[in-house]
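Residue numbers (this note's numbering): 13 to 129. By construction, the Cβ of each residue, glycine as well, lies at the ideal position given by its N, Cα and C atoms.
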Ligand SMILES: [Zn+2]
């Protein structure tokens, strides 16, 4: 039987995940605006600056895709918290080390399993 207080404070974890989620959503919103602001009208821009703008846009898209992946992982972590499954390795079922969860609250694998894959 696991004793109370052995596991990390889930309220704190939840708050951390929600804060992270809010931050990512805010970043996503502000970058959506700047993506819109990029004017690709060739008549207003030289060829080089147009290429710069396209490159920047591609970079923004990659960053946005990463953010969406992170948001999905946060959602999944919050769902695991609700189900009482948070903090256990999805592969072997062992406890995930607190230090690891502190560094990455979305971690789904223990250090051993993560290093195997
Ligand atoms: Zn494991």
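Helix, strand or coil at residue i [DSSP, three-state]
i	result
residue 106	coil
residue 82	helix
residue 63	helix
residue 95	helix
residue 6	Residue 6 is absent from the structure shown; the chain starts at 13 and stops at 129.
residue 71	helix
residue 87	helix
Any non-hydrogen atom of ligand 1 closer than 7 angstroms to residue i Cβ
i	result
residue 121	yes
residue 124	yes
residue 106	yes
residue 111	no
Inter-residue CB distance, residue i and residue j (contact presumed, cutoff 8 angstroms)
i	j	result
residue 90	residue 29	6 angstroms
Contacts around residue i, its chain only, beta-carbon distance under 8 angstroms, and the 5 residues preceding and following it disregarded
i	result
residue 118	29, 82, 85, 86, 88, 89
Those residues which DSSP pairs with residue i across a bridge
i	result
residue 100	107
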